[in-house]
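Protein chains: 4
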Amino acid sequence: MSFNSFGRLLRFSTWGESHGPAIGAIVDGCPPGLNLSEADIQPWLDKRRPGTSRFTTQRREPDLVRIMSGLFEGRTTGAPISLMIENVDQRSKDYSNIAGAYRPGHADYTYDAKYGLRDWRGGGRSSARETASRVAAGAVARLLIPEVRIRAFLVELGGDAIDRAAFDDEAIDANPFFCPDPAAAARWEALVDGARNDGSSLGAIVECVATNVPAGWGAPVYAKLDAELATAMMSINAVKGVEIGEGFGAARLRGEVNADEMRRGEDGRPRFLSNHAGGVLGGISTGQDVVVRMAFKPTSSVRIPMRTVDAGGEETEISTKGRHDPCVGIRGAPVAEAMMALVLADQKLLHRAQRGEDR
Amino acid sequence: MSFNSFGRLLRFSTWGESHGPAIGAIVDGCPPGLNLSEADIQPWLDKRRPGTSRFTTQRREPDLVRIMSGLFEGRTTGAPISLMIENVDQRSKDYSNIAGAYRPGHADYTYDAKYGLRDWRGGGRSSARETASRVAAGAVARLLIPEVRIRAFLVELGGDAIDRAAFDDEAIDANPFFCPDPAAAARWEALVDGARNDGSSLGAIVECVATNVPAGWGAPVYAKLDAELATAMMSINAVKGVEIGEGFGAARLRGEVNADEMRRGEDGRPRFLSNHAGGVLGGISTGQDVVVRMAFKPTSSVRIPMRTVDAGGEETEISTKGRHDPCVGIRGAPVAEAMMALVLADQKLLHRAQRGEDR
Amino acid sequence: MSFNSFGRLLRFSTWGESHGPAIGAIVDGCPPGLNLSEADIQPWLDKRRPGTSRFTTQRREPDLVRIMSGLFEGRTTGAPISLMIENVDQRSKDYSNIAGAYRPGHADYTYDAKYGLRDWRGGGRSSARETASRVAAGAVARLLIPEVRIRAFLVELGGDAIDRAAFDDEAIDANPFFCPDPAAAARWEALVDGARNDGSSLGAIVECVATNVPAGWGAPVYAKLDAELATAMMSINAVKGVEIGEGFGAARLRGEVNADEMRRGEDGRPRFLSNHAGGVLGGISTGQDVVVRMAFKPTSSVRIPMRTVDAGGEETEISTKGRHDPCVGIRGAPVAEAMMALVLADQKLLHRAQRGEDR
Amino acid sequence: MSFNSFGRLLRFSTWGESHGPAIGAIVDGCPPGLNLSEADIQPWLDKRRPGTSRFTTQRREPDLVRIMSGLFEGRTTGAPISLMIENVDQRSKDYSNIAGAYRPGHADYTYDAKYGLRDWRGGGRSSARETASRVAAGAVARLLIPEVRIRAFLVELGGDAIDRAAFDDEAIDANPFFCPDPAAAARWEALVDGARNDGSSLGAIVECVATNVPAGWGAPVYAKLDAELATAMMSINAVKGVEIGEGFGAARLRGEVNADEMRRGEDGRPRFLSNHAGGVLGGISTGQDVVVRMAFKPTSSVRIPMRTVDAGGEETEISTKGRHDPCVGIRGAPVAEAMMALVLADQKLLHRAQRGEDR
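Protein chains in written order, with this note's numbering: chain U, 949 to 1307; chain D, 949 to 1307; chain A, 949 to 1307; chain R, 949 to 1307.
Written as structure tokens, this is what we have:
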């Protein structure tokens, strides 16, 4: 029910502002007996960490996670796991010019409209820094579903799409864009450099695929696996669209093309001949890859002057001078993976609650 | 938490199968003192009702709603409102051929995988008939937000998009497609007739717009207004994608184009010069139109024979002979409106809980 | 989150007023594959049914339950189970005199204070009739925990306590008071007759015991098994106190007396030498009997004239003329059993979600 | 839904073990604009702090709270408020003898039964130290209900009750027992000294009263104000019983005595002539004092040797040598106040959500 929590049985809550002393997450409902240390979490945070290439914000945050509770002798106890990440490089002065004026495309005005006040330092709670807490929580969730492999990558940046025929899984970690197509990655370097030099920014489309999800996770109606993924992904900063499998493209197919036919698999279970459904039928996993795509808008923090008003209603111009990602979609990929892990781990627990078998 | 409930403060739960005696919804958390009778609900059900044109299923359901609780002398009391709709025209025999085989694109296999058994009569719980309960609940939700106007319409059918320049609000109710472009509506008649004659089906894109939503509804992080809308819409049968405002298109814009600039409005509050954001920034409403679009896949119930397997794993073919919508997206429009109403009414209550003013 | 729902994974919601057309419950989250028919529910309703002896209200309600959804070929499908009980013998005229005045000890004034209006027919939503829905839902819950035996009985009525040494399990169903002490039952006949003749009413203390609950159900901190039982039982109409095991008596024992010592049991697991704890330590079941006691206040519906005010604030007198139970605690026993079953079944699902074994 | 969270709209989650680096709470859903600093929280923690007299544990914890998020320029922003308290004086060695054996009356065995492992250092999550987080969260809740006065005190210790006629509100803070009867406080010194010298412990009964709660807070059925208080109080360590108003005593009164009569008050609203109901009717506040009493069992940590078994099932004896409260009920009083504040603040938000007025 709370505004800063996500999940049903495996449930995490995040806290902290971009420019406070720290941010963090509590992961509740974790099964006991799992081996866990900071070393299981840190690598995922490092993937999301700012400042790792010239294509992300130059804010320097080590993003070192500390486990504050829920462990005993290196294993989870079933108690809440409190994760904390200190903020190190918060330069509040960078934001002084936005204290008075509403940045277009940002939550400045809406926070004021909702709360009557706002923490303007770095966007406060609306900063993408909150997503570090998700990545940390997601690392815990991964321990619950070791059978599942989760992989997020960019399939489009600034309107330039990858060539699916050139898809190379190993390329994803070999360039600063989580791009599975080396040629596209090379083109994107110039694209992003150009946008940054212009004081502009670019959008992106991220695809997140979970492999080895067993058939049967999810639920009909309001707890559909795809509906859970939709809210999970749409809750990520800058995401404006979510689609499953064929997604919007399915609206342009005919029924007999879109429906995935089945043959008998070698293990006796159905083998699908295609995966337009993206691994979900009727809200429940089919056993195929679960495929989600999401659209990241271009950062609204641009150096190009924009027309706006201030809190008093006076018209003004603003250009954002803080250190920002020219394309937030890049660092969105690790966040998407974390949200996928959190949703799937939660669904696994829900499923075995209702069915009773350990599956 | 439950699988068949939706909402936080205004919360509804639905029950019932396509081929049981009835379906229904309970609406909980409704403020007291609202005038309510069946006449406030029935017109919305009539819009979703099957069999109103040759472009929807020929199942004949009067869909008459009965209010079973929560009223006293014509007004809501704050108690749960139980709504019931009897099933009249359930022809179970139509489905006898699907008892054994898994229909491609349907939830048959996944229900078996999850539950170990399934109610194959008309899809049971996965039938689009469940959405009648949503429409009934949505009619109650509308009473909480009389200031808001909600309108859903098809912007694309079978890959054929409307001409935005020809948008005519009054046309929406003047054709069987909820289509705001009369010329497109005329073309769609032929499209749908053709698909039905082929034993095929078509997808559609529905747009749902809420006007007069005040700035300040929603919440940051995991209860974002857009994240709530995403799960609400993705939970509708056959929806495979959801986008807000510019949606996936935003990923192809530059930051300075996508961010909506502001000038001083006549009322002293910010006036936006565009609405790429679709009325939501940082998860909170801006006061502009809230714009959601969703992709409906083509019905997987097609007469064209499809390859599949049965519960025993044997390979077979199946062609669906029941009475089905050639384009479920059409009747999805009233459902989208209902879900929009339910989300917004819930957010209104949440907002005034946290802020205390009646707004 | 909703006001009329209870439970976490096995979750039920009730609706309906005493004088509406029907009342009902939806049970959500039930595992699939359980054999269920009306015959599994009706006997429990019959135990709570009014009019079975001269010691309960003379309202004649057959309380026939109808299962409206969630079944296929006699088994649960995992879909919500909708249960409906028609109201037959609602005499609204009996309540006309209370439309204007607030009955002391009833919710009349508080409903007006909260909602600004109230359904005064038979107490509307605050009628004990709502508990029939709980009993029906509880019958479903029992199917999930066939290993557990649940038994509720009166240990005190009108201040007259049973003799624990005379406890006879078979006596409980052999008298109209669910009294395990035949001598006390005989005395209570005169007590209740006397109170009814005086136009007065009596309170009672009900004990509910669950046997064969395995060690390990429940959770620390805010989902303690005893805390769940406390809210479950306190939510029953007229209950004013709840205690676990030794309860308030524990506050008068010394630590070394109250703490239950352990020896090695024949099965190798701990055997407790006493059960002051009532089967719960640290919020988790010990494997011993789970023992809850609750205090029912005397019905506030008395024929003796009471001083009160009306909605306009004018002073008046009122004597309740409707058909009422002289001791609501009697019919509280089957309700307590139902709530115990609902809590335990829910905890079983939660436990296997977190632990993964089917236990 | 989570196991370590409490509340509906104002919701807090706690984390941390007795012997970890820190404990803490997140308060979510707090309205914006409230003045808050550590100085608003610390005094309440100081009341619960161990080591303030010889009648509580000699563990020395400064219990200094630090606000980690949710504030801007001294005011709440509507974002989650993260509160952290470092553990300073954790002597793990004190507990080494209990690593192997199950302490009678403690959660040692049940934690092992549930989780398969346990953090035996100081009871881990089941330590009363968790209640410091509640007190900190409760201090925030108090800011939401400045109109309400909350007061908890001991009415019985070791079976020795106060004289209600000698009730002196000012005495409560003038002795180490939160005892409103100075003569009883004097007697209790000897009682507690005697128990401690014997290596034993004592129980207590705490009463918590909230004054100035407006009529109309709460909800019927499963979110009754008294049901919420019951789960809140029963979730406190060592509490074994909860009663509202007359409580168990109500079961011994006749209906016409127990029902609180009404006359017209000077403000035109009903004035009750008694308060057997404890300020709650039908789950909704009456405007009278809300009165809750709870029974604390005697600490199970006693120096007197107790028979028990170890994790391997071998029989042994144990005497607890750690620093413990001879009567945990004493420090339970500030915790009860905190839980009362948290429940009432939550209900205030829920009420204005449903009614819309700021009341």
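Ideal Cβ positions, reconstructed from N, Cα and C, are used throughout, including at glycine.
If you're wondering where the values come from, they're calculated on a predicted model, not measured in any experiment.
Should residue i and residue j be called a contact, given that it needs their Cβ atoms to be closer than 8 Å?
i               : j               : result
S1183 (chain R) : P1246 (chain R) : no
V1154 (chain A) : G1280 (chain A) : yes
Y1059 (chain D) : S1075 (chain D) : no
V975 (chain U)  : A1080 (chain U) : no
I1052 (chain R) : E1209 (chain A) : The amino acid at residue 1052 (chain R) is misidentified as Ile; the sequence shows Pro. Contact flag set, yes.
P1010 (chain R) : T1004 (chain R) : no
E1191 (chain A) : R1241 (chain A) : yes
S1001 (chain D) : P1130 (chain D) : no
L984 (chain R)  : V1013 (chain R) : no
F1196 (chain U) : G1189 (chain D) : yes
G1227 (chain A) : V1161 (chain A) : yes
P1274 (chain R) : A1143 (chain R) : yes
Below 6 Å CB to CB, which residues in the same chain sit around residue i once its five sequence neighbours on both sides are set aside?
i               : result
M1016 (chain A) : S1030 and M1032
W963 (chain U)  : G972
R1251 (chain U) : G1147 and S1267
M949 (chain U)  : Summary for M949 (chain U): the model assigns pLDDT 44, below 50, so the residue's position carries little reliability, and this model does not support an answer.
S1249 (chain R) : T1268 and H1272
I1313 (chain A) : The structure shown does not extend to residue 1313 (chain A), since chain A spans only 949 to 1307, so no value can be given for it.
G1026 (chain U) : P980
A1049 (chain U) : T1256, D1258, T1264 and I1266
Do you know offhand how far residue i's Cα is from residue j's?
i               : j               : result
I989 (chain A)  : L982 (chain A)  : 13 Å
G972 (chain U)  : D1056 (chain A) : 47 Å
E1204 (chain U) : R1008 (chain D) : 26 Å
P980 (chain R)  : T1024 (chain R) : 5 Å
D1116 (chain R) : V1096 (chain R) : 19 Å
E1078 (chain R) : D1121 (chain A) : 44 Å
Y1170 (chain U) : V1283 (chain D) : 14 Å
H1224 (chain A) : T1234 (chain A) : 12 Å
P1128 (chain A) : A1207 (chain A) : 27 Å
A1152 (chain A) : R1082 (chain A) : 20 Å
Got a sec? Which residues, its chain only, sit under 7 Å from residue i by beta carbon, not counting five neighbours each side?
i               : result
D1108 (chain A) : A1132, R1135, W1136 and L1139
A1089 (chain U) : L958, A1289, L1290 and A1293
D1141 (chain R) : none
Output needed for residue i: all residues of its chain with C-beta closer than 8 Å, excluding positions within five of it in sequence on either side, in chain order.
i               : result
P969 (chain R)  : E1034 and N1035
P906 (chain U)  : An answer regarding residue 906 (chain U) cannot be provided, because it is not within the stretch 949 to 1307 covered by chain U.
E1176 (chain D) : G1166, V1291, D1294 and Q1295
S1222 (chain D) : D1208 and E1209
Kindly list, in the order they appear in chain A, the residues whose Cβ is closer than 7 Å to that of residue i.
i               : result
S1030 (chain D) : W963, G964 and G972
S1149 (chain R) : R1202 and G1203
What does residue i touch in chain D if you count any residue whose Cβ is under 9 Å from its own?
i               : result
F1020 (chain A) : E965, L1065, R1066, D1067, W1068, R1069 and G1072
Run through chain A and tell me which residues come within less than 9 Å of residue i, C-beta to C-beta.
i               : result
V1250 (chain R) : R1202, G1203, E1204 and A1207
Going by the DSSP bridge assignment, what does residue i pair with across the sheet?
i               : result
L1173 (chain D) : BP columns for L1173 (chain D) are empty, so no partner.
Name, please, each residue of chain R whose Cβ falls closer than 7 Å to the Cβ of residue i.
i               : result
E1263 (chain A) : R1211 and R1212
N952 (chain U)  : D976 and P1028
Mind pulling the chain D residues with CB within less than 8 Å of residue i?
i               : result
I1153 (chain U) : F1196 and A1199
Could you confirm whether any beta carbon from chain C is found closer than 8 Å to the beta carbon of residue i?
i               : result
S1075 (chain A) : In the structure shown, chain C cannot be found, because the protein chains are U, D, A and R.
Taking C-beta pairs closer than 8 Å, name the residues in chain U that residue i reaches, listed in chain order.
i               : result
R1303 (chain A) : P979 and P980
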